[in-house]
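The numbering used here puts the first residue of the sequence shown at 568, with every later residue one more than the last.
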Amino acid sequence: KKRSLDYETDLIALDTEPEAFVRAFEDQFRKDFFSSAPRHVVFRHAPTLANRPPIRFLGRTDVAISEAPETVADVRSAIRAVKPAAAHCSPLRRCRDSLALAVDGIQVPTRCDDRLIEIDYGACEGMAISDARDSFPDLFEAWQRYDDPRFPNGENTQMLLDRVNEFVQQNWTGTSGNSVVCTHNVVIRTLIGQSLNVPRHC
């Protein structure tokens, strides 16, 4: 009727049929998203003494957690809710210990995966940001241009994303089981950015 510009005759159930379609679509979406789709709880490791100010590049240095975070009960509750079939973590101690805290009392097989390790900061490892800026000005200038430079003798975001996507393809894509992952700041930020199409410089 729209194509023929026929507006003389009222359309029967013009309101009720689209409403029924939308409701059916919503019901199907909720069923697929909340009931059928696999769910993955991803969280960052607990704090370490190295995470306190002054802020430094903490990547591959293997430090222990300094305390059990106040949020561990919330994380544990989220994990219980999805009933994970598997748990994965970075091989670094702060992630292994954090995962152990989070799944305490929950029967789930766990394993470490090198692809979940923090970005390799290379020569910037352990440096305060101000010192790294003085030592490697080209690195910071490249970020100002929205480039994706490698840390000196280390990785860049794309290199991290390549290995993390390999993990995702192997463990999440096409699988039906839920899981839990404990990893690092840059890994999580990169995953979220890719999922939401956020430009890397943001």
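Glycine included, C-beta positions come from ideal geometry on N, C-alpha and C.
Assuming contact is defined by CB atoms lying nearer than 8 Å, are residue i and residue j in contact in what I supplied?
i, j, result
"Arg-590", "His-751", "no"
"Glu-692", "Thr-615", "no"
"Asn-745", "Pro-651", "yes"
"Leu-758", "Val-731", "yes"
"Val-630", "Arg-663", "no"
"Ala-645", "Val-670", "no"
"Glu-685", "Gly-626", "yes"
"Leu-683", "Phe-601", "no"
Grab me the residues of residue i's own chain with a C-beta within less than 7 Å of its C-beta, minus the 5 sequence neighbours each way, in chain order.
i, result
"Pro-621", "Ala-695"
"Asn-723", "Asp-715, Pro-716 and Arg-717"
On the three-state DSSP scale, how would you describe residue i?
i, result
"Val-670", "coil"
"Thr-677", "strand"
"Ala-591", "helix"
"Ala-617", "helix"
"Ser-762", "helix"
"Thr-740", "coil"
"Arg-767", "coil"
"Arg-627", "coil"
"Thr-750", "strand"
"Lys-598", "helix"
Quick one: residues in its chain with C-beta nearer than 6 Å to the C-beta of residue i, no 5 flanking neighbours on either side, listed in chain order?
i, result
"Glu-584", "none"
"Tyr-688", "Phe-624, Gly-626, Phe-718 and Gly-721"
Among the residues of its own chain, which have a CB less than 8 Å from the CB of residue i, if the five just before and after it don't count?
i, result
"Tyr-574", "Lys-568"
"Ser-743", "Pro-605"
"Ala-580", "none"
Tell me the residue span of the alpha helix (DSSP H) that contains residue i.
i, result
"Ser-603", "Premise fails: Ser-603 is in no alpha helix (DSSP H) and is neither H nor E."
"Val-639", "639-649"
Between which two residues does the beta strand (DSSP E) holding residue i run?
i, result
"His-612", "Taken as a continuous stretch (DSSP letters only), His-612 belongs to no beta strand (DSSP E), as it is neither H nor E."
"Ala-654", "653-656"
Flag residue i as yes when its Cβ comes closer than 7 Å to any non-hydrogen atom of the ligand NAD, and as no otherwise.
i, result
"Thr-576", "With respect to the ligand NAD, the structure offers nothing, as it holds no ligand at all."
Any chance you could list the beta strand (DSSP E) runs of at least 3 consecutive residues sitting entirely within the stretch 683-728, in chain order?
none
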